[in-house]
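Undergrad:
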Amino acid sequence: MVDLTVEDVATMVNKLSKLGLLEILQVGATFSYRAIESQEALKMASMEPEELLVYKQIMASGDSGIWVRNIKNATNLHQQVVTRCIKQLENKGMIKSVKSVKNPTRKLYMLVDIKPSTEISGGPWFTDQELDTDFIDQLANQCYRYIYSKSVNRLNPNAIYSASYLGFPTAAQVRKFIVDNKVSTVDLGLEDIKSLLNVLIYDGKVEKIVPMGIISGIGQGENDVEYVYRAIVNAAADSPLTEVPCGNCPVYNICSSDGEVSPSNCTYFQKWLNY
Numbered sequence: 035m036v037d038l039t040v041e042d043v044a045t046m047v048n049k050l051s052k053l054g055l056l057e058i059l060q061v062g063a064t065f066s067y068r069a070i071e072s073q074e075a076l077k078m079a080s081m082e083p084e085e086l087l088v089y090k091q092i093m094a095s096g097d098s099g100i101w102v103r104n105i106k107n108a109t110n111l112h113q114q115v116v117t118r119c120i121k122q123l124e125n126k127g128m129i130k131s132v133k134s135v136k137n138p139t140r141k142l143y144m145l146v147d148i149k150p151s152t153e154i155s156g157g158p159w160f161t162d163q164e165l166d167t168d169f170i171d172q173l174a175n176q177c178y179r180y181i182y183s184k185s186v187n188r189l190n191p192n193a194i195y196s197a198s199y200l201g202f203p204t205a206a207q208v209r210k211f212i213v214d215n216k217v218s219t220v221d222l223g224l225e226d227i228k229s230l231l232n233v234l235i236y237d238g239k240v241e242k243i244v245p246m247g248i249i250s251g252i253g254q255g256e257n258d259v260e261y262v263y264r265a266i267v268n269a270a271a272d273s274p275l276t277e278v279p280c281g282n283c284p285v286y287n288i289c290s291s292d293g294e295v296s297p298s299n300c301t302y303f304q305k306w307l308n309y
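According to the working numbering, the sequence shown is numbered sequentially starting from 35.
#1: Give a yes or no on contact between the stretch 83 to 94 and the stretch 141 to 148, applying the rule of three or more CB pairs nearer than 8 Å.
#2: Tell me where the alpha helix (DSSP H) around L200 begins and ends.
#3: On the three-pair Cβ rule with 8 Å, is the stretch 119 to 129 touching the stretch 74 to 90?
#4: Between which two residues does the beta strand (DSSP E) containing Y143 stretch?
#5: I227: buried (16+ other C-beta within 10 angstroms of its C-beta) or exposed?
#6: Suppose the cutoff is 6 Å on Cβ atoms and the five residues either side in sequence are ignored; what does the same chain contact list for I148 look like?
#7: Excluding five sequence neighbours on each side, which residues of the same chain lie with their C-beta closer than 6 Å to the C-beta of A108?
#8: With a CB to CB cut of under 6 Å and the five nearest residues on each side skipped, what residues in its chain are close to T204?
#9: Tell me the residue span of the beta strand (DSSP E) that contains E241.
#10: Residues in the same chain with beta-carbon distance under 7 Å from L165, minus the five sequence neighbours each way, listed in chain order, please.
#11: Give the secondary structure of E164 by DSSP, where H, G and I count as helix, E and B as strand, and everything else as coil.
#12: Taking only the alpha-carbon atoms, compute the straight-line gap between I181 and V132 and give it to the nearest angstrom.
#13: Residues in its own chain within less than 8 Å of T117 by CB, not counting five upstream and five downstream?
#14: Buried or exposed for A85, going by 16 or more other Cβ atoms inside 10 Å?
#15: Nearest CA to the CA of V88: which residue from A206, T219, R179, Q122?
#16: Do you know offhand how far I194's Cα is from F169's?
#17: Which residues bound the alpha helix (DSSP H) around R188?
#18: If you follow the beta strand (DSSP E) that G262 is in, where does it begin and where does it stop?
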């Protein structure tokens, strides 16, 4: 192993820096170093000094992007120079502009191959910086239907499951249902599904409960418990129960097992089963 002195290291750092293969960063009194890939170094080597300053500020912003005024303040360049450099970098296909859902009137700049953070893009619930309420409503409805199917006995909707019932789904199981049935073409993570379930909770359609066998608040934090979700049966007028013939049958009040109108000769029920 070669023994290197501080002077040797400093010499190599300076040499790599001049070649554009190393970037020296300073935070307070502390220096750190970032290696630069050869392809990136070649791109930067062909840039004008002002263009390079602008590019480095945009690169440092990562997936948060940076506003043109912040570039101007950080580089101390004239506004026209900053605008020109941005235009050149866009023409070279090295940067792109994006809009933030928090500040739609502001253009933010980031490297062309960077995906904007959720804070900027709004995540899967936004389309073209607009909240996609139809998409949210459709997904929330599918989540509710699935939870409802696990919360209500189809043969006896008024039946109440015992405390030992283990069929209430977790958020992960709801997500699996969404993915397996290709309900959404958008890739939804577990936190996205939990956000949808929170909407259903706030709407009074679903409740989050501690699963059987776990005593809430003892030995476990909020994030340690994998909660399950139970549908509130009378939460909405358009409950999935209304899709069952019995839920909206016009002669429900005279139907009985031994009467003239009964489940055994119900034409509505037979059509529904054959659908």
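Every residue gets a Cβ at the ideal spot worked out from N, C-alpha and C, and that includes glycine.
Treat the numbers as computed from the prediction; the structure is a model and nothing was measured.
TA: Checking against the coordinates, here is how it stands:
#1: yes
#2: Element bounds for L200: n/a, residue is neither H nor E.
#3: yes
#4: 141 to 145
#5: buried
#6: D97
#7: Q91
#8: So the qualifying residues of the chain are E260, V262.
#9: 240 to 243
#10: W159
#11: Shown here, E164 sits in a strand according to DSSP, grouped into three states.
#12: 37 Å
#13: V102
#14: Contrary to the premise, residue 85 reads as Glu rather than Ala in this sequence. Buried, since its Cβ has 16 or more Cβ neighbours within 10 Å.
#15: Ranking the options by Cα distance to V88, first place goes to Q122.
#16: Their backbone Cα atoms lie some 32 Å apart in a straight line.
#17: Taken as a continuous stretch (DSSP letters only), R188 belongs to no alpha helix (DSSP H), as it is neither H nor E.
#18: Note that residue 262 corresponds to Val in the displayed sequence, not to Gly. Where V262 is concerned, the enclosing beta strand (DSSP E) stretches over 262 to 265.
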